[in-house]
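Each remark here refers to the structure printed beneath this line.
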Amino acid sequence: MSDLNKNYYEKITFRDALRLAIHDSMQKDEKIIVMGEDVAAYGGAYGATKDLLKLFGPKRIIDTPISEAAIVGASMGAALTGLRPIAELMYVDFFGMSMDQIANQLAKVRYMFGGQINAPMILRAQGGTGRSAGAQHSQSLETWIMHTPGLYLSIPYTPNDAYHLLRAALKINNPTIFIEHKLLYNTSGVLDKNNPDQIFGKAKIRKKGKDLSIISYSRMVNFAEKAAEELAKQKIDVEVVDLRTLNPLDRETIIESVNKTKRALVLSESCYTAGVPSEITSIIFEHCYTNLLKPVIRYTAEDTPAPVAPNLEENYIPTIEKIVEYSKKLCK
Amino acid sequence: MSDLNKNYYEKITFRDALRLAIHDSMQKDEKIIVMGEDVAAYGGAYGATKDLLKLFGPKRIIDTPISEAAIVGASMGAALTGLRPIAELMYVDFFGMSMDQIANQLAKVRYMFGGQINAPMILRAQGGTGRSAGAQHSQSLETWIMHTPGLYLSIPYTPNDAYHLLRAALKINNPTIFIEHKLLYNTSGVLDKNNPDQIFGKAKIRKKGKDLSIISYSRMVNFAEKAAEELAKQKIDVEVVDLRTLNPLDRETIIESVNKTKRALVLSESCYTAGVPSEITSIIFEHCYTNLLKPVIRYTAEDTPAPVAPNLEENYIPTIEKIVEYSKKLCK
Amino acid sequence: MTQSNTLLPNLYTTMKRIRTFEERVGELFIKGETAGTMLHLSIGEELGPTCLGAAMQKQDTFTTHHRGHGIFIARGGDPKKMMAEIAGKKDGYCKGKGGSMHIADMKLGHLGANAIVGGGIPTVVGAGLSSKYLEEDKVSVAFFGDGAMQQGILYESMNMASLWKLPVVFCCINNQYGMGTKIDNAAGLKDFSKRAASFGLNTLHIDDLDIENAYVKSKEIIDKARKFEPGFIEVECYRFFGHARMDKSPYRSEEEEIKMRKSDPISYASNQMLKNKIMNEDEIKKINEKISIEMDEAMDFAINSPLNNQKEIFTDVYDEREPLPISVEERINKILS
Amino acid sequence: MTQSNTLLPNLYTTMKRIRTFEERVGELFIKGETAGTMLHLSIGEELGPTCLGAAMQKQDTFTTHHRGHGIFIARGGDPKKMMAEIAGKKDGYCKGKGGSMHIADMKLGHLGANAIVGGGIPTVVGAGLSSKYLEEDKVSVAFFGDGAMQQGILYESMNMASLWKLPVVFCCINNQYGMGTKIDNAAGLKDFSKRAASFGLNTLHIDDLDIENAYVKSKEIIDKARKFEPGFIEVECYRFFGHARMDKSPYRSEEEEIKMRKSDPISYASNQMLKNKIMNEDEIKKINEKISIEMDEAMDFAINSPLNNQKEIFTDVYDEREPLPISVEERINKILS
Ligand SMILES: Cc1ncc(C[n+]2csc(CCOP(=O)(O)OP(=O)(O)O)c2C)c(N)n1
Ligand SMILES: Cc1ncc(C[n+]2csc(CCOP(=O)(O)OP(=O)(O)O)c2C)c(N)n1
Ligand SMILES: [Mg+2]
Ligand SMILES: [Mg+2]
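Chains as they are written, first to last, in the working numbering: chain B, 111 to 442; chain G, 111 to 442; chain X, 5 to 341; chain L, 5 to 341.
Listed below in structure tokens is the structure:
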């Protein structure tokens, strides 16, 4: 992150886009603090807060003990009393340690007290497979959050979105859960600070197409794009929809896309049963079913914990090869 | 619970059926212990373990401190080392306090260690609205569990099922989450100990019908039955499907029923977005969509926390009146 | 008032207001006017909230557990709005959406009552962090029961407060029971101050009925917290009645109850006032009558408060600048249309 | 061996086996043969696991944290199967499904390594409960890092063990860091024994390199636990290298590392043996060579172990009498057919 003050980056990593977003927001708003395990001296387990300690000091970049429940609870307490914390849970898998504070406190504090108060904060967490991190460090738990009213949920795929969604979330007074895929940090793309290219809650068509909608989010959008490339060669024109936020969910874009293409594949790294794709699939069927030429397909991780062995882990989640295969079947 | 040793009860409460199930199982299997907050001296917050302390003593009926995470973890530890605990979380809402032990430990312990060991235990918890218990004591969180591979999930509606599903779960070597609706404890029905009337994982058609399938579980089956009665008067013949267990899920019965009636309403007290009904709805669309005459309707609680005010709480979840209304629209 | 250099009349008045309020909640329940039965009364436990409430300063903040009416009143809560909340009515502090277990007035620094045992504790760590960061001189106090001494979140929070030297106080109202479980069956060792001290907190153990002394000692702990030395206070007391309205306490003996109810902080305080000629019987009676009227009015207010509008199911989930959640009805009608 | 009334050679051998094993894990990583990079080596921390491992009895059980290879070896873990597990291979203890952070042999009483800081702690409470209930005379020991001292679940577990008088020992391997966070920045007070004592546990703090003494003291704690007096042991040590394989520890100084690495329990033990003429250099060298060969073989075994079959994704989720989870492929094909 050599030059912090540019407005346009031709090629920046997802990690650095996040760091810039935090940095730029912190410069503008003194109420923003960062807290979490190893966010300061270590710079974040995945480096998303690297060097921020030097820039903002230990009063604003706070290493916490390994106490996930209290991290969330203390962040909420700070949010209720005038600060705007960006808290980090190193892995979404640690939702388990803090789910009471997330779902019973943070999500409900406004409602229970009749709208007296907001808890404006972001809880960043990192998820997904791909590093042989095993069953307790590879989950995709966005469903738990999406099923919890009161929490906004952002799950970006590109550096530009990572930047702008984070900044946008800091301007919204709702608590927002912000999920980053562990394999995205090193991916790179354009960042245009002046082009948010979205409103919080709006999906993005990554590629227009007319034969099939692949609807996804986070790293799986990349798989969708790659499959679309391959399918293009085989004359199947895929539309790739990147949801970007799961709450609010941009139902309109999903419905519009599928009403146009008449076929849909919902792609996600979460487990199959009762996951986010079940919701998307339901919405599509409910609203497009007279137009659909084929049933909607949910392609997800298996209904098992994540295995460590790389050869198993690879096939535990969707593969590009099979996205292509299923897409072809859908378009037959 | 005057006579413990009868085999047939014309009218027994859901609560007493559970107590009998625990009692009968404990008599047969010395490895079974009961542990949880106030399960002993108090007899359970909802009375499901009343008097068991007298019968089995404090070695087997164990009051625990208010430490939900450790209750689940200690139960699992006991299950790994020869016992078969029935642990109680007073409210499903306390999943939040113990979700790491439930989802990261209990659900995954067999898989992570390559199948070396089972964790045969039941985790009972009580959920749902209806007592103005507020946002933190009224949730229906079966979705979190259903979305977690490794956990069986039972959510009975009748006393007979409560009895037999609990007993069955104690013979299965998987950890089972057993969810009881707070308003069911005082409901009553037949208990026939010799008639399990089910296999664990098999749905039950509570009422046969040909016009519309209402698919539900737990207390909402009662709403479905009542709506079906009303609808019968209006010449709409409803089939009421009680899922009874959500994992395993009896997909076949659902699909068969809807392929027959060609219309479906999925009913649940969980929140709308990304809940169990999304899964059921997806399955129906996926497998019956060429047969469907109307889109499937998900009728659930609102996407908000539960309010305390009784007049709001009542309309926060499905009402019989509206089930009738929607059913009529579906059958128009 | 015969003497002015004593706080006893004020402290007595607060305790009596708390007790009378709780009694009226009980009546409201019997009248069938409460929202539900999950009403956790603090009758017998008035000393702790009262002396801490007095020792706190105007700008200070706090969270409470499910049995938190007392400290809310001690910190200036309006009995009318509280009672209306308990009745689940529109004029309640939370529009009837929170009820007895989720009652708060953020303007009074009440950051929330909590129905999760231990759930409100880390909030004060964050509030302490804000106070220190923003240099606001606010102490934040968490109130919780002895049951919460067995919740891990307490230790995570005490450690953070100690590590970061926050203006925070943890206050355990030890009424000897968590529902039907006696503290002896819940805690390996009951010397809770020892636990708190092992995390680096200043500690105070209050186990008698002398509220003036308790006030002075509590104030010391709170004042130290204001100087960034976090503290822990345990107040021993007894839950005079059942856990919630439905509980008849079959798990403990009547003798125990009768004996323990003799340790009544309110009669103790009034006796002290009489003995030391701070007030005479008439004066005390007058106070009591005034309180009685106040609380009757609160009860009437609650009964007469209107129900809330159905649309309120959907408000307050998200910030008001954000769209309301879509109702299930709207969703279904759209699909069926 | 010159002297037989000393355990030092055995303890030394175990420590050396642990270290050499970990070094080979590092090599396996460099060869690109490990499953992932989340390899947490315990080089420098061998004393605790070794002396506790020796003090435990055959029937005893234990859980470990993510840095748990040491105690597993000390309790008889087979380096071949361990290494194969770390490589994510079929012949690993968990068929390669668990990897370094989830490695266990239930037959050896290893109830599981855990990737969740604090996650494995309550398991031993349950194991202690079983042991007491079934009268099996088993002590169950939880191993965890200093980081877990800040997880609430530890206190819930300590309280239960104390309350129910369980044959349980909590063992904190304090290597001064949780990832890049120094213990001073994580704990309000570092006297962890005080915390444990406040819950009613017997405590022991080991902070020197005399492993024989540590063994004797640990054994006392474990023996007391066997008589239903649960205990707590803190072993101070230093994590010689980075947190996991990718970490170069930029958050601490080289001077610190150099200084702290001088507190090496293995050189200390070998020096002690030489000094006291328990073994001579040649004998030690012979032991080392034997270990080296053993661990080379383990590494080769891992490298040569086959990959697991794809169908193993689906096995082991549920008891083998229950149906396998339906694969996504099967679901999709059914829908598309
Ligand atoms: C996390 C959690 N566990 C359990 C309960 C159920 N419950 C409500 S109050 C209570 C007893 C709490 O005891 P204590 O903390 O001593 O407070 P008291 O009721 O005595 O004031 C219990 C177990 C709860 N509300 N939250
Ligand atoms: C609940 C949880 N929080 C955070 C992490 C990430 N993490 C893995 S190891 C570690 C440091 C643990 O420190 P300590 O307990 O001292 O063990 P050590 O690594 O020093 O052996 C952290 C924060 C985790 N795995 N689990
Ligand atoms: Mg209590
Ligand atoms: Mg450490």
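Quick reminder that beta carbons are idealized off the backbone N, C-alpha and C, glycines included. Note that the structure is a prediction, hence the values are computed from the model and not measured.
Bridge partners - residue i, DSSP secondary structure assignment
i              : result
M145 (chain G) : G:I172, G:A197
I407 (chain B) : B:L375
K317 (chain B) : B:V350
T67 (chain L)  : L:A146
K186 (chain L) : L:Y181
T414 (chain G) : Looking at the DSSP assignment, T414 (chain G) forms no beta bridge with any residue, so it has no partner.
F174 (chain L) : L:A146, L:F236
Y118 (chain G) : G:D302
S326 (chain G) : G:D352
E287 (chain L) : Bridge partners of E287 (chain L): none, in fact.
E290 (chain B) : B:Q236
Opening and closing residue of the alpha helix (DSSP H) in which residue i lies
i              : result
H133 (chain B) : 124 to 138
E240 (chain L) : Looking at the DSSP string, E240 (chain L) is not in any alpha helix (DSSP H); the run it does join, the beta strand (DSSP E), is 235 to 240.
N421 (chain G) : 420 to 426
A117 (chain X) : Note, A117 (chain X): premise wrong, no alpha helix (DSSP H); beta strand (DSSP E) at 114 to 117.
Residue-level contact to chain B via CB, residue i, 8 Å cutoff
i            : result
A2 (chain X) : Because chain X in this structure spans residues 5 to 341, residue 2 (chain X) falls outside the shown range and cannot be described.
Residue-level contact to chain G via CB, residue i, 8 Å cutoff
i              : result
M183 (chain X) : yes
P285 (chain B) : no
N401 (chain B) : no
C441 (chain B) : no
M5 (chain X)   : Confidence at M5 (chain X) is low in this model, with a pLDDT of 41, below 50, so its placement is unreliable and no value can be given for it.
R373 (chain B) : no
A108 (chain L) : yes
V129 (chain L) : yes
Start and end residues, beta strand (DSSP E) containing residue i
i              : result
G154 (chain B) : No beta strand (DSSP E) contains G154 (chain B), which DSSP labels as neither H nor E.
F244 (chain X) : Per DSSP, F244 (chain X) belongs to no beta strand (DSSP E) and is neither H nor E.
R234 (chain G) : 232 to 237
N206 (chain L) : 206 to 210
Near ligand 5: residue i beta-carbon under 7 Å from a heavy atom
i              : result
A119 (chain X) : In terms of ligand content, the structure shown lacks ligand 5 and carries ligand 1, ligand 2, ligand 3 and ligand 4 instead.
Near ligand 1: residue i beta-carbon under 7 Å from a heavy atom
i              : result
I176 (chain G) : yes
G237 (chain G) : no
E147 (chain G) : yes
F76 (chain X)  : no
M200 (chain G) : yes
H247 (chain X) : yes
H70 (chain X)  : yes
Residue i: CB within 7 Å of a non-hydrogen atom of ligand 2
i              : result
M162 (chain L) : no
R243 (chain L) : yes
CB contact check: residue i to chain X, cutoff 8 Å
i              : result
H247 (chain G) : yes
E366 (chain B) : no
N425 (chain G) : yes
R335 (chain L) : no
Contact with chain L by residue i, beta-carbon distance below 8 Å
i              : result
V376 (chain B) : no
Y152 (chain G) : no
P90 (chain B)  : A query on residue 90 (chain B) cannot be resolved here, the shown segment of chain B reaching from 111 to 442 and no further.
Proximity test, Cβ basis, 8 Å: residue i and chain D
i              : result
G192 (chain L) : The structure shown contains no chain D; its protein chains are B, G, X and L.
Just to be sure I understand the criterion: a residue counts if its Cβ is closer than 6 Å to at least one heavy atom of ligand 3. Which residues meet that?
Qualifying residues come out as X:G149, X:D150, X:G151, X:N179, X:Y181, X:G182.
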